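**Student:** Count the sequence shown with the working numbering and you get residues 2 to 216, in order. Cβ atoms here follow ideal geometry from the backbone N, Cα and C, with glycine treated the same way. A quick note: this is a predicted structure, and the numbers were derived from the prediction, not measured. Mind looking over this structure? Questions follow.
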Amino acid sequence: MTKQEKNDVIELLKGKFAQYNNFYITDTESLSVAQVTNLRRHCFDKQVEMKVAKNTLIKKALESIDSEKYSGVFDSLQKVTALMFSENPKDPAVILSGFRKSNNNERPVLKAAFINGDVFVGDNQLKALTQIKTKNELIGEIIGLLQSPIQRVIGALQNRENAKAASVAAEPTAVAEEAAPVAEAPAAETPATEAPATPEAPSAETTTDEAPKAE
């Protein structure tokens with residue numbers, strides 16, 4: 002590779018590192034050409050860019066951007082290196098995990114991952130990276146947390162309205178019950194006042210004074 006070709010590769014890599022906040026450093030050693038081609042196809046389907054480059058050129062590209070920022074991945078630039086660039090932080094991890102499972106081996110090996118400024122070193126980080134939250138997932142969780150109290154308030158208001166509606170629905174029955182004629186209790190009998198007895202006229206047969214008999 003000529004000096005110009007090396008510079009071209011460095012410039013290409015610089016553009017990719019500037020474009021993506023997430024990239025994985027993998028070891029594709031011992032993979033066959035067919036396996037590498039298959040891996041590239043999986044990456045293409047997930048909109049993950051895969052680039053194979055020499056470690057020295059990768060390091061120079063990173064150093065020219067921000068040596069301190071990327072210093073955590075420098076020790077991982079050994080052996081054969083394939084870079085995986087992605088907008089989604091966990092897609093490369095999902096691809097690697099699925100590829101290894103389908104081929105029943107532990108290749109490719111994850112050497113390091115740079116995720117939004119955080120560095121994950123070692124193949125033992127792969128499982129955790131498959132479960133990392135995407136930006137949209139985090140936003141969704143935050144929205145859910147914010148909506149939860151509002152939903153509780155709305156639920157309480159709805160319950161209150163339902164209770165009120167049930168109360169209003171019950172009112173006609175109560176009114177009807179109140180309007181129903183109440184059977185009058187029998188009036189207490191007023192004792193009849195007896196008219197004063199009319200004094201009886203003296204019987205014609207009865208005389209108080211007998212007339213003197215004629216002698």
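(1) Going by alpha carbons, who is nearest to Glu6 out of Asp46, Gln48, Thr29, Lys55?
(2) What number of angstroms, rounded off, separates the C-alpha of Glu50 from the C-alpha of Ala114?
(3) As a quick exercise: from Glu12, Cys44, Ala83, pick the residue whose alpha carbon is nearest that of Glu223.
(4) I'd like the list of long-range same chain contacts for Val10, defined as Cβ closer than 7 Å, with 5 residues on each side in sequence excluded.
(5) Once you ignore the five residues that flank Asn23 on each side, which residues in its own chain have a CB closer than 8 Å to its CB?
(6) Looking at the unbroken beta strand (DSSP E) that takes in Lys102, where does it start and where does it end?
(7) Alpha carbon to alpha carbon, how far is Met2 from Gln20? Give it in angstroms, no decimals.
(8) Which whole-angstrom value describes the C-beta separation of Thr27 and Leu97, a residue pair presumed to lie in contact below a C-beta threshold of 8 Å?
(9) Within its chain, find whatever has a CB closer than 8 Å to the CB of Cys44; leave out the 5 residues flanking it on each side and keep chain order.
(10) With DSSP as the reference, label Ala202 as helix, strand or coil.
(11) By how many angstroms is the C-alpha of Asn104 removed from the C-alpha of Ser77?
(12) Measuring only the C-alpha atoms, how far is Ile155 from Ile143?
(13) In terms of alpha-carbon separation, which member of Asn106, Asp119, Lys4 lies closest to Tyr25?
**Tutor:** Taking the structure as given:
(1) Lys55
(2) 14 Å
(3) Outside the displayed span of the chain (2 to 216) sits residue 223, for which this structure offers no information.
(4) Ala54, Leu58
(5) Phe86, Ser87, Glu88, Asn89, Pro90, Pro93, Ala114, Phe115, Ile116, Asn117
(6) Where Lys102 is concerned, there is no enclosing beta strand (DSSP E), although the alpha helix (DSSP H) it sits in stretches over 92-104.
(7) 25 Å
(8) 7 Å
(9) Glu50, Met51, Met85, Pro93, Ile96
(10) Note on Ala202: pLDDT 48, under 50, position unreliable in the model; no value is reported.
(11) 24 Å
(12) 19 Å
(13) Asp119
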